[in-house]
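Visitor: Under full-length UniProt numbering, the first residue of the sequence shown carries the number 1, and numbering increases by one thereafter.
Ideal placement from N, C-alpha and C gives every residue a C-beta, glycine not left out.
The structure presented is a predicted model; accordingly, all values stated were derived computationally and were not measured.
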Amino acid sequence: MVVSKVKLKNCLQRCLHTRHLARPNMKKRKQVMMSSYDDNVKPNLKLKQNPPFQEDSGHSNSVHEIQEAEIQVARKSLLSWYDQNKRDLPWRNISSDNVNEKAYAVWVSEIMLQQTQVATVINYYNKWMQKWPTLEALAVSNIEAINEAWSGLGYYSRGRRLFDGAQKIVKEMSSLMPASAAELKKKLPGVGRYTAAAIASIAFGEVTGLVDGNVIRVITRLRLIGASINQQEVIEKIWSLANQLVDPKRPGDFNQSMMELGAVVCTPKTPSCGQCPVNKLCLAYKMVEFDKRYSAKRGCVKLEDNNSIPDIECLIPNCNLCLPPDQPWDKESGVQNFPRKPKKSAAKQVNLNVVIVSATDTKQRQKFLITQRPKKGLLAGLWEFPTNEGCDSAKQILSQLCKKYDFQEEVLSGLHCIGEVTHLFSHVHHHYKVWSTSSSEELDIASQDSVPCKWLSEEELTEAAMSTGMRKVFKVFKNDQLQSSNQKVRKRKSPGDDVPISHKKTQAVISDFFKRK
């Protein structure tokens, strides 16, 4: 079924909840509707005068498709905009002619950029590439070094998968990365559909589209895809459109232009639609402009709250890509109606007790007890201060600590609560209650459950593979130490300690009250 311009105009009109127009002014109505469709992009559409979208006519997904003429305009506009406006990022400035080295660099950057902002990644990426500039260098490293380099970046399994993948490539593939998206996804741990497409298109020039959060936002707005993006049918449609759009001569640059557009122009909130190089192709933007022209300039549209003209969602009940009937177009949101994300389930709340155990070694250096987390699960393999869940009282916490690490309670200075801190993960919120205890000397430690543990100085802690949450905990400890130190200093000082002796008032004696004759 071919959708005419008139049909598209009516589609946009009904999505905006417009109602009856004055019947005598039908000529003006037609002119406005046709003028809202950009004349610079003229797909091969056959105009028809029959009424659009009859209730029993079924529905074609043509409104969610993109025509060949539009594809050509999109490619040219996006690449031109990208060449002039792309951000200067280190993974875009790879000078090596060796495609294998380029693929490795792209792989590292794409893994780091998952769920992490570009500004955060830049420093981590530069340090990583300085330490492990090649696959071979990474493959002979160790997981402890990987975790230390990844510390603070979050989602730590990403670093381990990079390490595992590098070892596999060196041992099983003669140090040569797979050159196609299909092979990358099949053979490398932690490489999914998006990452494989990014590496293949950017490093190896494979003509394949890609879909990440930025691309989803761009395409759903371009083609009015309003169904929830957690539906497989919706994601497959977006992938199909991405593959149609990708430029065959510059696939890597085009894919990066789509992601760049979503990152800096077509943003989740307050998008800069006026600066968008493809706003003339964007149906969501046209809906906003169409509404402005009709409502403000023409003044001939009645936005009455009645059901005389059903919304488009009601007219096409079988379309699985449109905005759902129970979540229609919101005029105030504009293009931000797209994409529609599913509601997040409430994060799990976990209350934990964290004990910072400090001791003084033979060189009078303060050291801290840390223990390693399990090899699998959240924050796998990272180091942390002794942590437990379920104990309520200081006595219980101290007893459990001594039992686990074979300490004698007498050698510890008791247990003091020094503060609380919360750290948020995507699916769970950790609420840490921070406790402190100390010993006059470094104690022998032997965990009963054979969990690795060790004493580290403050300087060594800064280099250790610890999570951001644990670093927040240690900051609470340092602040408490500083406050305690300041209080001790104030107690030692008398009110006049900072006054020079010559300026101090001496205590009056009785003779001072009598004048000498």
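So, residue 241 versus residue 221, is the Cβ gap smaller than 9 Å?
Guide: Along the sequence shown, one-based indexing puts residue 241 at 241. Along the sequence shown, one-based indexing puts residue 221 at 221. No. Outside cutoff.
Visitor: Among the residues of its own chain, which have a CB less than 7 Å from the CB of residue 193, if the five just before and after it don't count?
Guide: Here the question's residue 193 lines up with position 193 in the sequence shown. 185.
Visitor: State the start and end residues of the unbroken beta strand (DSSP E) segment that holds residue 334.
Guide: Taking the sequence shown and counting its residues from 1, one reaches residue 334 at position 334. Segment: none, residue 334 is in no beta strand (DSSP E) and carries neither H nor E.
Visitor: Less than 9 Å between the C-beta atoms of residue 212 and residue 75, yes or no?
Guide: Position 212 of the sequence shown, counting from 1, holds the residue named residue 212. Position 75 of the sequence shown, counting from 1, holds the residue named residue 75. The answer is no: Cβ separation not under 9 Å.
Visitor: What do you get for residue 462, buried or exposed, if any count of 16 or more other CB atoms within 10 angstroms of its CB means buried?
Guide: To locate residue 462, count along the sequence shown from 1; it is residue 462. The residue in question, residue 462, is exposed, as its Cβ has fewer than 16 Cβ neighbours within 10 Å.
Visitor: By the three-class DSSP mapping on this structure, what secondary structure does residue 407 have?
Guide: Here residue 407 corresponds to residue number 407 of the sequence shown, with the count starting at 1. Reduced to three states, the DSSP call for residue 407 is coil.
Visitor: Let me make sure I understand the geometry here. Which of 382, 251, 219 has the alpha-carbon closest to that of residue 66?
Guide: Against the sequence shown, residue 66 aligns to sequence position 66. For the residues 382, 251, 219, the minimum Cα distance to residue 66 belongs to 219.
Visitor: Which residues in the same chain have their Cβ closer than 7 Å to the Cβ of residue 230, if we skip the five residues on either side of it in sequence?
Guide: If you number the sequence shown from 1, residue 230 lands on position 230. Result list for residue 230: 342, in chain order.
Visitor: Using 8 Å as the Cβ pair cut-off and three pairs as the minimum, do the region 170-180 and the region 146-162 touch?
Guide: In short, these stretches do not touch, since the Cβ pair count stays below three.
Visitor: Measure the alpha-carbon distance for residue 146 versus residue 73 and round it to whole angstroms.
Guide: Within the sequence shown, residue 146 is the residue found at index 146, counting from 1. Within the sequence shown, residue 73 is the residue found at index 73, counting from 1. Approximately 44 Å, taken between the alpha carbons.
Visitor: Classify residue 292 as helix, strand or coil using the three-state DSSP reduction.
Guide: Mapped onto the sequence shown, residue 292 falls at position 292. Note: residue 292 maps to helix in three-state DSSP.
Visitor: How is residue 220 classed by DSSP in three states: helix, strand or coil?
Guide: Locating residue 220 in the sequence shown gives position 220, where the first residue counts as 1. In this structure, residue 220 counts as helix in the three-state DSSP scheme.
Visitor: So residue 150 is in the alpha helix (DSSP H); what residue range does that whole segment cover?
Guide: Mapped onto the sequence shown, residue 150 falls at position 150. Element bounds for residue 150: 143-150.
Visitor: Roughly how many whole angstroms lie between the Cα atoms of residue 444 and residue 466?
Guide: Indexing the sequence shown from 1 puts residue 444 at position 444. Indexing the sequence shown from 1 puts residue 466 at position 466. Going from the Cα of residue 444 to the Cα of residue 466 covers about 22 Å.
Visitor: To the nearest angstrom, report how far apart residue 166 and residue 378 are at their CA atoms.
Guide: As a first step, residue 166 is located in the sequence shown; it is residue number 166 there, counting from the start. As a first step, residue 378 is located in the sequence shown; it is residue number 378 there, counting from the start. Each residue's Cα considered, the two are about 23 Å apart.
Visitor: Nearest to residue 435 by alpha carbon, out of 135, 396, 487?
Guide: What you label residue 435 is simply residue 435 of the sequence shown in a count that begins at 1. Measuring from the Cα of residue 435, the nearest candidate turns out to be 396.
Visitor: Is residue 256 buried or exposed, if buried means 16 or more other CB atoms sit within 10 Å of its CB?
Guide: As a working mapping, residue 256 is identified with position 256 in the sequence shown. Per the 10 Å Cβ criterion, buried.
Visitor: Which runs of the beta strand (DSSP E), 3 residues or longer, sit entirely within the UniProt domain "HhH-GPD" (112-264)?
Guide: Correct list: empty.
Visitor: Let's see if you can read the secondary structure: which residues bound the alpha helix (DSSP H) around residue 84?
Guide: Working through the sequence shown from its first residue, we reach residue 84 at position 84. Element bounds for residue 84: 68-85.
Visitor: Under 7 Å Cβ to Cβ from residue 273, same chain only, skipping five residues before and after it: list those, please.
Guide: On the sequence shown, residue 273 is found 273 positions in, with the first residue counted as 1. Cβ neighbours of residue 273 beyond the five flanking positions: 279, 285, 335.
Visitor: How about residue 421 and residue 429: do their beta carbons lie closer than 9 Å?
Guide: As a first step, residue 421 must be located in the sequence shown, where it is residue number 421. As a first step, residue 429 must be located in the sequence shown, where it is residue number 429. In this structure, residue 429 does not lie closer than 9 Å to residue 421 by Cβ.
Visitor: Any idea which residues DSSP pairs residue 287 with across the strands?
Guide: Against the sequence shown, residue 287 aligns to sequence position 287. The partner list for residue 287 (beta bridge, DSSP) is empty, contrary to what the question assumes.
Visitor: Report buried or exposed for residue 102, applying the criterion of at least 16 other Cβ atoms within 10 angstroms of its Cβ.
Guide: Numbered from 1 along the sequence shown, position 102 holds the residue referred to as residue 102. Buried: at least 16 other Cβ atoms inside 10 Å.
Visitor: Restricting to Cα atoms, I'd like to know which of 381, 226, 401, 380 is closest to residue 388.
Guide: On the sequence shown, residue 388 is found 388 positions in, with the first residue counted as 1. The candidate whose alpha carbon is nearest that of residue 388 is 401.
Visitor: By a C-beta neighbour count over all protein chains shown, 10 Å radius and 16 as the cutoff for buried, is residue 367 buried or exposed?
Guide: Taking the sequence shown and counting its residues from 1, one reaches residue 367 at position 367. Buried.
Visitor: Does the Cβ of residue 362 have 16 or more other Cβ atoms within 10 Å, making it buried, or fewer, making it exposed?
Guide: Against the sequence shown, residue 362 aligns to sequence position 362. By the neighbour-count rule (16 or more Cβ atoms within 10 Å), residue 362 is not buried but exposed.
Visitor: Just the Cα atoms here: how many angstroms apart are residue 119 and residue 150?
Guide: The residue you call residue 119 lines up with position 119 of the sequence shown. The residue you call residue 150 lines up with position 150 of the sequence shown. Approximately 15 Å, taken between the alpha carbons.
Visitor: If residue 337 sits next to residue 226, beta carbons under 8 Å apart, how far is it from one beta carbon to the other, in whole angstroms?
Guide: For the purposes of this step, residue 337 is taken as the residue at position 337 of the sequence shown. For the purposes of this step, residue 226 is taken as the residue at position 226 of the sequence shown. With 8 Å as the limit, residue 337 and residue 226 qualify as a contact, their Cβ atoms being about 7 Å apart.
Visitor: So, with DSSP's three-state summary, where would you put residue 365?
Guide: Locating residue 365 in the sequence shown gives position 365, counting from the first residue. Coil, per DSSP.
Visitor: Does the structure place the region 110-130 close enough to the region 88-95 that three or more beta carbon pairs sit under 8 Å?
Guide: A contact exists between the region 88-95 and the region 110-130.
Visitor: For residue 350, count neighbouring Cβ atoms within 10 angstroms of its own Cβ and tell me buried if that reaches 16, exposed if not.
Guide: Position 350 of the sequence shown, counted from the first residue, corresponds to residue 350. Its Cβ having fewer than 16 others within 10 Å, residue 350 is exposed.
Visitor: Would you mind working out which of 454, 216, 253 sits nearest residue 206, comparing C-alpha positions?
Guide: Taking the sequence shown and counting its residues from 1, one reaches residue 206 at position 206. Residue 253 is the option with its Cα nearest to residue 206.
Visitor: Quick check on residue 266: buried or exposed, where buried means 16 or more other Cβ atoms within 10 Å of its Cβ?
Guide: The count along the sequence shown starts at 1 and reaches residue 266 at position 266. Buried is the call here.
Visitor: On the three-state DSSP scale, how would you describe residue 319?
Guide: The residue labelled residue 319 in the question sits at position 319 within the sequence shown. In the structure shown, residue 319 sits in coil (DSSP, three-state: anything other than H, G, I, E or B).
Visitor: Going by C-alpha distance, which of 82, 454, 339 is nearest residue 217?
Guide: The residue you call residue 217 lines up with position 217 of the sequence shown. Of 82, 454, 339, the residue nearest in Cα terms is 339.
Visitor: Among 418, 451, 236, 180, which one has its Cα closest to the Cα of residue 482?
Guide: Translated into positions along the sequence shown, residue 482 becomes position 482. Closest option to residue 482, Cα to Cα, is 418.
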